[in-house]
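**Student:** Dropping a structure here in structure tokens format, bear with me for questions.
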Amino acid sequence: MPPNLTIRNLTATALDLQHIERFAAEHVSRGASTLSNARGALISFLNATDFHTKELKPKGDPVSSSPALHRVEPFSTIETDVPAAEPGAEVVRLTFEADGSKYVADVPAPVGRSVTMRRVDDDGSGDDGRGGGGEFTTVYLPHVGFLAVFSSAHPGSWMSDLGDDLRLSVLSIPGTHNSPACYVALPSVRCQFAGIREQLDNGVRFLDVRVSAESGGDSMPLVHSAFPVSLAGTKYFSDLLAKCYAFLEENPGECVLMSVKREGTGRAGDRGMSRYLRDRYVASDPDRWFTGSHVPRLGEVRGRIVLVRRFRVDERVREEGGGGFGIDAEVWPDNCEDGTVGGGLVRIQDFYEIDIGRNVEKKIALSRAHLERAAALEHGATARGDGEALPLYFNFLSASNFFNATCWPERIAARVNPAIVEYLCTRHGVAGEGEKGREVGDGGTGVVITDWVGAHGDWDLIRCVVGMNSRLIVKGEGASPACAVEVDVEGEKGSEGS
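Quick note: to get my numbering, add 66 to the position in the sequence shown (first position is 1).
Structure, rendered in structure tokens:
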């Protein structure tokens, strides 16, 4: 027997479950061509991604139809008396009412991905979930019968809903690891399925960029360690920037955090690269960049790239920048479980040396623990008495082992990403339910950085992270929290104070 359906409402709107219909399920071939399906299946096999050549859809008329009466208050969870769908054999159609409108969700969704609820009229007609009625996104976990409901932010402009006064520290920001490593490349080198613009359009706001630098040159090829990100020709930093600039022109309410690190075989050092970056790119478009050394408020950086510096900076560049050049992440702790950078301005989980059979579960646990640390932060709180912002939490879900094909980036992502989706949906932001049982503040995630999102339309992880900003929207611009959380940047726990 399937478990009873549990519903978690991660929005500011009360949801009333009013009606339930149960359908026998049928597996229907997707509309894509045979060639496309074959190609998708091959990629799925090689890269451990989940590709469906068939969709699970309701068959015929409902087997049963009954009214329901379950209210799910904002930011709350209930277990209903409704049995969840029998996996693979059944589709349950749920009708909710919210703010006077009706919405329909089928669980599970046709291909098991996050979907936007369909708004319907009393006669059952309505939009297709992509129009003006798309206020809610659902993520369903069939093995536990758990439905999480998020507010549907427009993926390309979700920051526009947030107040200018919010520090980036308290935002829930999805990111990608080795972001431009999305081209045809060695499987140990490629980290992403989707290109930079597709990532940005789907909500990613942190890009991890590695470049090689030559003495006397400023072209800066994109690399992953010593390897180029593409086997089909060199890709350059300038091309990546052009895509970011175009995105920000079209979405001026957004910002992009960009971590830049020197790797590869180029002969220039960090200080030379800092001059190239400043002279060739930042100085030529200063309005497109934020190179301050503090964690900014969102209003300071809309329409701009926020530089996170993972390299040593030339003293002349530092001095001309007023004592800094970007958020200082220069002394990066290696393979860390909870490291600090920049005097505690950044806290990092970047445990990456992994063996799929031995410690992938450790990686998942460390990722969940860092999510919980970030959840304790609260808008308006300070980490120190000098008015500095709370630290930025960088949480790398990525890991790899070059010498073990089962531990290449996409295969680790196939294990870690679904585990983190489940954690975010079921436990994140719930007091006492995290990895360490801590209390929570705003329930944010910090910057969550992952591999291989967007494969075959699977943006669930990005949708979950973005959805965690709802509490900040509720508080509104300029709102003050009921209490502040002082964070010990060296220790495990924070303390609450009024």
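Note that beta-carbon positions come from the ideal geometry of N, C-alpha and C, so glycine has one too.
Since Tyr206 sits in a beta bridge, which residues does DSSP pair it with?
**Tutor:** Beta-bridge pairing links Tyr206 to Leu213.
**Student:** In chain order, what residues of the same chain lie with their CB nearer than 7 Å to the CB of Gly332, ignoring the 5 residues before and after it?
**Tutor:** Excluding sequence neighbours, Gly332 sits near Ser278, Ala279, Glu280.
**Student:** Under a Cβ-count criterion, where at least 16 other Cβ atoms within 10 Å of its own Cβ denotes burial, should His494 be classed as buried or exposed?
**Tutor:** Result: buried.
**Student:** Going by beta-carbon coordinates alone, are Leu529 and Thr203 separated by less than 8 Å?
**Tutor:** According to the sequence displayed, residue 529 carries Arg and not Leu. Against a cut-off of 8 Å, the Cβ pair of Thr203 and Arg529 comes out as a contact.
**Student:** Determine the extent of the beta strand (DSSP E) in which Val277 is found, giving its start and end residues.
**Tutor:** Note, Val277: beta strand (DSSP E), 272-277.
**Student:** For Ala441 and Gly500, which I take to be in contact (beta-carbon distance under 8 Å), what is that distance rounded to the nearest angstrom?
**Tutor:** Contact holds; Cβ gap of about 7 Å.
**Student:** Tell me which same chain residues have a C-beta within less than 6 Å of the C-beta of Asp517, skipping the five on either side of it?
**Tutor:** Excluding sequence neighbours, Asp517 sits near His243, Cys257, Ser464, Pro475, Ala479.
**Student:** Relative to the C-alpha of Asn461, which residue among Asn470, Tyr418, His209, Val255 is closest?
**Tutor:** The option with the nearest alpha carbon to Asn461 is Tyr418.
**Student:** Just mark Thr300 as buried or exposed, buried being the case when its beta carbon has 16 or more other beta carbons within 10 Å.
**Tutor:** Counting Cβ neighbours within 10 Å, Thr300 comes out exposed, since fewer than 16 surround it.
**Student:** Quick check: what's the CA-CA separation for Gly126 versus Phe89?
**Tutor:** Rounded to the nearest angstrom, the two C-alpha atoms are 7 Å apart.
**Student:** With 16 as the cutoff for other CB atoms within 10 Å, does Val397 come out buried or exposed?
**Tutor:** Exposed: under 16 other Cβ atoms inside 10 Å.
**Student:** Relative to the alpha-carbon of Gly34, which residue among Leu307, Glu201, Cys321, Phe293 has its alpha-carbon at the smallest distance?
**Tutor:** No information on residue 34 is available, as it lies outside the stretch 67 to 564 that the chain covers here.
**Student:** Taking Glu211 and Ala150 to be in contact with their CB atoms under 8 Å, please state how far apart those CB atoms are, rounded to whole angstroms.
**Tutor:** It is worth fixing the name first, because residue 211 is Gly in this sequence and not Glu. Between Ala150 and Gly211 the Cβ distance is about 3 Å, and since that is below 8 Å, they are a contact.
**Student:** To the nearest angstrom, how far is it from the Cα of Gly507 to the Cα of Leu234?
**Tutor:** Those two C-alpha atoms are separated by around 15 Å.
**Student:** Classify Ser561 as helix, strand or coil using the three-state DSSP reduction.
**Tutor:** In this predicted model, Ser561 has a pLDDT of only 30, less than 50, meaning its place in the structure is not dependable; the value taken from the coordinates is given anyway. Ser561: strand per DSSP, three-state reduction.
**Student:** Provide the residue(s) that pair with Gln415 in DSSP beta bridges, ordered along the chain.
**Tutor:** DSSP, once it has assigned bridges, lists Asn461 as partnering Gln415.
**Student:** Quick check on this structure: which residue in Val496, Val407, Ser466, Gly405 has the alpha carbon closest to the alpha carbon of Arg74?
**Tutor:** Among Val496, Val407, Ser466, Gly405, the Cα nearest to that of Arg74 belongs to Val496.
**Student:** DSSP state of Val407, grouped into three classes?
**Tutor:** Three-state DSSP puts Val407 in a strand.
**Student:** Determine the closest residue to His136 out of Val407, Ala164, Pro484, Gly523, with distance taken between C-alpha atoms.
**Tutor:** The shortest Cα separation from His136 among Val407, Ala164, Pro484, Gly523 belongs to Ala164.
**Student:** Nearest to Ile515 by CA position, among Val255, Tyr459, Val158, Ala78, is which residue?
**Tutor:** Answer by Cα proximity: Tyr459.
**Student:** Do Phe162 and Gln84 have their C-beta atoms within less than 8 Å of each other?
**Tutor:** Their beta carbons are under 8 Å apart, which means Phe162 touches Gln84 by this criterion.
**Student:** Since Val250 and Leu297 should fall inside the 8 Å C-beta cutoff, what is the C-beta to C-beta distance between them, to a whole number of angstroms?
**Tutor:** So it is a contact: roughly 5 Å between Cβ atoms.
**Student:** Quick one: Cα of Arg376 to Cα of Gly409, how far?
**Tutor:** One C-alpha to the other measures close to 14 Å.
**Student:** Should Leu432 be flagged as near chain D, meaning a C-beta pair shorter than 8 Å?
**Tutor:** Here there is only one protein chain, and chain D is not present.
**Student:** Quick one: grab the DSSP three-state call for Leu81.
**Tutor:** The answer is strand: DSSP assigns Leu81 an E or B state.
**Student:** Taking Cβ positions, are Asp526 and Val487 nearer each other than 8 Å?
**Tutor:** Yes. Within cutoff.
**Student:** Alpha carbon to alpha carbon, how far is Gly241 from Phe313? Give it in angstroms, no decimals.
**Tutor:** Rounded to the nearest angstrom, the two C-alpha atoms are 16 Å apart.
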